[in-house]
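Undergrad: One structure coming up, written as structure tokens, with questions to follow.
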Amino acid sequence: MIQVTHLQKYFGERHVLKNVHCEIKDNEVVCIIGPSGSGKSTFLRCLNALENAQAGKILVDEFDVTDPATDLNKLRAHAGMVFQRFNLFPHMTVLENICLAPMQVKKISLTEAQKNARELLKRVGLSEKENSYPQELSGGQQQRVAIARALAMEPQVLLFDEPTSALDPEMVGEVLDVIKSLAHSGRTLIVVTHEMGFAKQVADRVLFMDDGQIVEEAPPQKLFENPQNERTKVFLSKILK
């Protein structure tokens, strides 16, 4: 589903991604962990061209992300993204937020968009909130709406950039439960997360990033219980106390 080779990303003189290689299979659930500033979110944003790499190649299914001729609207319909801070349109209701992209990008009718949106709201447990505005919702509810909005485009790949980091602790579980329900649902999921328990439970594979590189990758049980790289060992010793 995803192939990344020799990926390089700079912000000015700062070398953020250093020759990153990665392959992610169709319908695989991959969690990316690592310290802040290690390049995790930048890597994720490069996958659907929210950041442009200076060198390297990214293939997402049939899309060459690094080709300037690639239709980014089609790419982003294929690879949906859920951000740390929900990014819902505040002047639109929940239903309108979910319907907007399918109507504009996929040109489906309002009736069909609303039907699909209501089904997705039911799936994330928010059917009763369709006429609410984002400011009337809790952080956890807003993030669940953001997930429903991403799903409305029927993407094959879902990218989650620390989807619980902006939430109060008691709201984290409700969002993680929704993401768990999506695992192995016929989509490829890539989740940047600080929730180690979630990664252990849901991921097929965990990537540990540090200093702009993928330092180690393994199934969760192996990586958490028997890491091979010294940097991974040090990181996990601080996180898994």
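Note that this note's numbering has the sequence shown beginning at 338, numbered continuously upward.
Glycine included, each C-beta is placed from N, C-alpha and C at the ideal position.
1) For Lys377, count neighbouring Cβ atoms within 10 angstroms of its own Cβ and tell me buried if that reaches 16, exposed if not.
2) Rounded to the nearest angstrom, how far is the Cβ of Ser375 from that of Asp548, given a contact under 8 Å?
3) Taking the alpha-carbon positions, what's the Arg422 to Tyr470 distance?
4) Alpha carbon to alpha carbon, what distance is there between Glu467 and Ala390?
5) Whole angstroms is fine: what's the gap from Leu387's alpha carbon to Thr403's?
6) Going by DSSP, what residues sit across from Gly417 in a beta bridge?
7) Indicate, with yes or no, if the ligand ATP has a heavy atom lying under 6 Å from the CB of Ser464.
8) Suppose only complete runs of 3+ residues qualify. What are the beta strand (DSSP E) ranges in the region 408 to 491, listed by chain order?
9) Mind checking Phe426: buried by the 16 CB within 10 Å criterion, or exposed?
10) With respect to the beta strand (DSSP E) encompassing Leu344, which residues constitute its N-terminal and C-terminal limits?
11) Return the first residue and the last residue of the alpha helix (DSSP H) that Arg351 is part of.
12) If you count every other CB in all the chains shown that lies within 10 Å of the CB of Gly534, and 16 or more means buried, which is it?
13) Identify the continuous beta strand (DSSP E) that holds Asp547 and give its terminal residues.
14) Quick check on Gln391: does DSSP put it in helix, strand or coil?
15) Reducing DSSP to helix, strand and coil, say where Val589 ends up.
16) Going by DSSP, what residue range makes up the beta strand (DSSP E) through Val509?
17) Assign Ala555 to one of three DSSP states: helix, strand, or coil.
18) The beta strand (DSSP E) that contains Leu526, what's its start and end?
19) Are the beta-carbon atoms of Pro556 and Arg542 separated by less than 7 Å?
TA: Reading it off the structure:
1) The C-beta of Lys377 has 16 or more other C-beta atoms within 10 Å across all chains shown, which makes the residue buried.
2) 6 Å
3) 16 Å
4) 38 Å
5) Between Leu387 and Thr403, the C-alpha separation is close to 11 Å.
6) Leu495
7) Inclusion of the ligand ATP in the displayed structure is not the case, the ligand content being empty and no account of it being possible.
8) Taking 3 residues as the minimum length, the beta strand (DSSP E) runs contained wholly in the region 408 to 491 are 416 to 419, in order along the chain.
9) exposed
10) Ile339 to Phe348
11) First-last for Arg351: Arg351 to Ile361, but that is the beta strand (DSSP E), not the alpha helix (DSSP H).
12) Counting Cβ neighbours within 10 Å, Gly534 comes out exposed, since fewer than 16 surround it.
13) Arg542 to Asp547
14) coil
15) This structure does not reach residue 589, given that the chain is present from 338 up to 578, and the question cannot be answered.
16) That residue, Val509, is in no beta strand (DSSP E); its alpha helix (DSSP H) goes Pro506 to Leu519.
17) Note: Ala555 maps to strand in three-state DSSP.
18) Thr525 to Val529
19) Yes, these two residues count as a Cβ contact at 7 Å.
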